[in-house]
Amino acid sequence: SRGFGFITMSNGSEGQAAIEGFHGKNLHGRNLIVNEARPREERPPHKSKGPRRFHGEKRHFNDSRRSG
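So in the working numbering, the last one in the sequence shown is 70, and the numbering has no gaps at all.
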């Protein structure tokens, strides 16, 4: 997981209430950042020079930080 998600609210006032109610709250040891979605920034096309490599922490599907 990249650590973000999107939700759709019925109307703007419900969205604002969610932002005010959840922004800064702690969930499983992480402080939530809640805001309105912004359009993606334009980026120049990527010039591939070979296979893509990914670095960082390996996570398994049953990550202990997940609820449920």
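Just so you know, even glycine gets a beta-carbon here, dropped at the ideal spot from N, CA and C.
*Taking 7 Å as the cut-off, decide whether the C-beta atoms of Asn33 and Gly26 are in contact.*
Reading the sequence shown from its first residue, position 31 is the one you call residue 33. Reading the sequence shown from its first residue, position 24 is the one you call residue 26. Yes.
*Please determine, among Ala39, Glu44 and His48, the residue with the shortest C-alpha to C-alpha distance to Gly7.*
Sequence index remark: in the sequence shown, residue 7 carries index 5 (1-based). Per the Cα distances, Ala39.
*Alpha carbon to alpha carbon, how far is Asn28 from Ile35?*
As a working note, residue 28 is residue 26 in the sequence shown. As a working note, residue 35 is residue 33 in the sequence shown. One C-alpha to the other measures close to 10 Å.
*Supposed contact pair Gly17 and Met11 - C-beta distance, whole angstroms, cut 8 Å*: Translated into positions along the sequence shown, residue 11 becomes position 9. Translated into positions along the sequence shown, residue 17 becomes position 15. About 4 Å; that satisfies the 8 Å criterion.
*Span separating the alpha-carbon of Glu59 from that of Gly14*: Here the question's residue 59 lines up with position 57 in the sequence shown. Here the question's residue 14 lines up with position 12 in the sequence shown. Answer to the nearest angstrom: the Cα atoms are 37 Å apart.
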